[in-house]
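In our numbering, the protein residues as written are 34 to 476.
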């Protein structure tokens with residue numbers, strides 16, 4: 034897979050606009066033209082704000098000319114997953130039956146992007162209710178992974194359209210969410226960076242909820258540096274400085290804990306470990322306390338319980354045009370008793386404490402991002418294949434996590450390395466991800 038054109042990165046666009054080498058309008062016009070040319074086939078967007086985006090870009094150009102003042106995202110077009118409210122437009126949540134809010138106000142995190150100069154160019158498709166890792170949506174349509182323009186391959190989910198829009202060059206960055214892997218999985222399958230920050234770092238008011246215990250907002254970008262910048266803006270932090278180059282102490286699970294795994298993904302994972310060792314990082318093999326599928330089941334039970342309590346009326350109305358697989362996932366929460374839910378939360382708290390006590394000597398943990406590459410949509414087994422097997426552990430153990438492109442399979446499908454760090458150490462995690470990204474580019 035070709036490296037992204039550097040002119041498509043957030044940093045490059047913002048720098049060119051700040052220097053007067055490019056206008057905001059020209060950048061937005063280019064993105065709109067690319068969307069018009071590509072999205073009829075790829076279906077990344079549910080709605081494009083063409084006129085409003087151009088008007089916003091022209092206003093930004095006038096402001097820059099009059100004052101010389103530009104924000105860190107001045108003129109940068111950004112797409113947003115359709116679970117965020119905008120003023121006068123409430124989230125659709127990837128559904129035909131999610132109730133609209135006529136008094137919707139722009140979500141705080143999205144408003145921070147706008148205040149930093151971003152141009153919100155449109156809303157992207159997603160898995161219905163953000164509940165699925167493949168990226169399929171049988172009610173609204175499934176976006177195409179742009180890595181293959183002839184065969185409909187899964188984009189990953191649930192932030193499917195956001196990843197497709199970035200990977201196809203329609204926008205330099207997009208916003209998604211992550212409850213069990215929904216930034217990291219599509220990021221990996223589409224060859225992008227997908228970053229799930231520490232839980233609670235980015236405000237979620239104005240964001241449609243799936244499972245409040247885990248829901249997290251984050252960016253999908255071409256580079257780790259771009260992810261760092263968007264995270265800082267949405268979290269209300271200072272614009273980040275250059276990453277710190279230092280050796281890290283890293284842990285990887287025993288290979289038998291990864292089985293079954295696509296052999297090409299496993300090979301790229303091993304190559305990534307080797308590349309990080311060459312950089313001077315200390316890497317140790319550990320045994321993760323539970324099977325990765327157990328973390329998946331535990332977090333899935335909590336997610337289902339919380340989703341059912343919020344969306345009970347819709348999923349139990351069999352006349353509602355709901356994706357049947359999403360309906361099934363949400364209805365599973367009906368079988369989780371409140372006492373069991375309380376027990377699960379207590380179990381999670383204990384697991385977080387025990388994991389930190391046992392492995393606190395490590396800076397970060399490494400896993401593949403997915404067990405499979407982007408398979409054809411026709412081969413998806415929604416019921417049994419666990420696409421989130423490697424990602425839900427981070428949500429359950431309250432870790433931050435980022436997927437960084439680390440190569441391709443023998444047939445050219447993107448793979449990703451997942452780097453997980455302790456809650457609240459997002460800057461250090463992104464430092465390591467930046468080093469990994471640079472090392473993979475040289476290998």
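Positions of the beta carbon are idealized from the N, C-alpha and C atoms, including for glycine.
Remember, predicted model here, so these are calculated numbers, not experimental data.
- The stretch 207–283 is shown to contain whole alpha helix (DSSP H) runs of 4 or more residues at 217–223 and 257–268, in chain order.
- A straight line joining the alpha-carbon of residue 304 with that of residue 288 spans about 13 Å.
- Annotated as distal: residue 431 and residue 247, with beta-carbon spacing of 7 Å or more.
- DSSP, reduced to helix, strand and coil, places residue 451 within a strand of the structure shown.
- When 80, 147 and 218 are compared, the shortest CA-CA separation from residue 92 is found for 147.
- DSSP, read as helix, strand or coil, puts residue 194 in helix.
- Spanning the alpha carbons of residue 266 and residue 453 requires a straight line of approximately 21 Å.
- The bridge partners DSSP lists for residue 315 are 282.
- Collapsing the DSSP output to three states places residue 117 in a strand.
- Ranked by Cα distance from residue 131, the first of 118, 138 and 142 is 118.
- If you check the CB distance, residue 77 and residue 176 come in under 7 Å.
- When the five nearest sequence neighbours on each side are left out, the beta carbons in the same chain lying within less than 6 Å of the beta carbon of residue 359 are those of 161, 162 and 164, in order along the chain.
- Contact between residue 447 and residue 224 holds: their C-beta atoms lie close to 3 Å from each other, under 8 Å.
- Shown here, residue 91 sits in a helix according to DSSP, grouped into three states.
- Sorting 108, 173 and 69 by C-alpha distance to the C-alpha of residue 125 places 173 at the top.
- When DSSP reads this structure, residue 440 sits in a beta bridge with 448.
- Under the three-state reduction of DSSP, residue 54 is assigned to coil, being neither helix nor strand.
- Note that the C-beta distance between residue 441 and residue 466 is not below 7 Å.
- Distance from the CA of residue 404 to the CA of residue 98, rounded to the nearest whole angstrom, comes to 50 Å.
- As the crow flies, the alpha-carbon of residue 348 is around 9 Å from that of residue 354.
- In this structure, the alpha-carbon of residue 47 lies about 16 Å from that of residue 271.
- By the criterion of a C-beta distance shorter than 8 Å, residue 388 is surrounded in its chain by 322 and 430, once the five residues flanking it on both sides are discounted.
- When secondary structure is reduced to three states using DSSP, residue 287 falls in the coil class, being assigned neither helix nor strand.
- Within the stretch 133–168, complete alpha helix (DSSP H) segments of at least 4 residues are found at 141–148, given in chain order.
- For residue 279, the number of other beta carbons within 10 angstroms of its own is below 16, and it is reported as exposed.
- Sequence-distant partners of residue 58 (beyond 5 residues in either direction) whose C-beta falls short of 7 Å from its own C-beta, in its chain, are 87, 90, 91 and 94.
- Between residue 208 and residue 114, the gap from beta carbon to beta carbon is short of 7 Å.
- Its chain contains 314, 396, 397 and 465 as the residues whose beta carbon lies nearer than 7 Å to that of residue 281, once the 5 sequence neighbours on both sides are disregarded; these appear in chain order.
- Closest in alpha carbon position to residue 292, among 273, 236, 373 and 325, is 325.
- DSSP, reduced to helix, strand and coil, places residue 81 within a strand of the structure shown.
- Counting other Cβ atoms within 10 Å of its Cβ, residue 411 stays below 16 and is therefore classed as exposed.
- According to the DSSP assignment, residue 398 belongs to the beta strand (DSSP E) that extends over 397–401.
- Boundaries of the alpha helix (DSSP H) around residue 381: 371–392.
- Note on geometry: alpha-carbon atoms of residue 214 and residue 192 lie some 9 Å from one another.
- The count of Cβ pairs closer than 8 Å, one atom from the stretch 180–191 and one from the stretch 133–148, stays below three, leaving the stretches out of contact.
- Per DSSP, residue 126 is not a residue of any alpha helix (DSSP H), being assigned neither H nor E.
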